[in-house]
Amino acid sequence: MGLFDEKDNNRDFGFIEEFEFHYSIKKHGWTECEVVCNNIAIEFLITHVFSDPTYDLIDGLIKLVNRENEIKIIWYEEPGSILWIINRNSKEHHKLNINLKQLKNYYKAKEEDIFLEYSFEIYEDYFIKTIYCQLLKEFLLSRNKGYSRDRNCKGFIERFRELHKMLNYKV
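If you want our numbering, it's the 1-based position in the sequence shown plus 878.
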């Protein structure tokens, strides 16, 4: 989707203060995701054939909350894949360096397979809370049998509860 349309194969947004994350589990094994950095949208259409992208995303957030310094998340498209590489800033630990790479190949993340790359830096708290809100939406919707019937919602529910408990957000 969106990344295929870009003419500039590499874009470094630097430190961003405007970040949006839209995540929607669709019927029959697909998820739509949109990452918006400084009003520029990057879109993904992710398959559930090879893994559960929602579970993988939650697992990555849990690793961040547990203060891991580098997290890798791979999402599969058809064709290709998206590799998230999230590194904690070594000097300013409250900031994250995010690198999104779109690969031509499913499994092998070789440098020659990377055809588009986006990177940005963001406050960790902002990043986690923005993604968490979309995951909370999917969690709440997944409790509705009509919504979850044709969607892959079962796998991530317990992992989301674990993340929710760790974050302990109060409203």
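For glycine and all other residues, C-beta sits at the position ideal for the given N, C-alpha and C. Remember, predicted model here, so these are calculated numbers, not experimental data.
Would you grab the beta carbon distance between LEU981 and ILE992 for me? Rounded to a whole angstrom, and I think it's under 8 Å. Correct: roughly 6 Å between the Cβ atoms.
Taking the alpha helix (DSSP H) that CYS1011 falls in, what are its first and last residues? From DSSP, the alpha helix (DSSP H) with CYS1011 extends over 1002–1020.
For my contact list, LEU942 and ILE952 are in at a C-beta cut-off of 8 Å; report their separation, rounded to the angstrom. The pair is not a contact, with the Cβ atoms about 16 Å apart (cut-off 8 Å).
Report yes or no: do the segment 921–935 and the segment 887–894 share at least 3 C-beta pairs separated by less than 8 Å? With a cut-off of 8 Å, the segment 887–894 and the segment 921–935 do not count as touching, because too few Cβ pairs lie within range.
Looking only at its own chain, which residues have a Cβ that is under 8 Å from the Cβ of HIS972, when we skip the five neighbours before and after it? Around HIS972: TYR1001, GLU1002, ASP1003.
I'd like to confirm the pairing. Which residues does DSSP put opposite THR925 in its beta bridges? Residue pairing from DSSP places THR925 in a beta bridge opposite TRP908, TYR954.
GLU970, DSSP secondary structure in three states: Here GLU970 sits in coil by DSSP.
Contacting residues, own chain, Cβ-Cβ under 7 Å from ILE903 (five flanking each side not counted): THR909, THR932, GLU1016, ARG1029, ASN1030, CYS1031.
Rounded Cβ spacing between SER959 and ILE976 (contact assumed at less than 8 Å): Their Cβ separation, rounded to whole angstroms, is 16 Å, which puts SER959 and ILE976 out of contact at 8 Å.
Using three-state DSSP, classify GLU895 as helix, strand or coil. Correct three-state label for GLU895: coil.
Let me confirm a value: LEU974 is counted as buried when at least 16 other C-beta atoms fall within 10 Å, else exposed. Which label applies? Burial state of LEU974 is buried, judged by a 10 Å Cβ sphere holding 16 or more other Cβ atoms.
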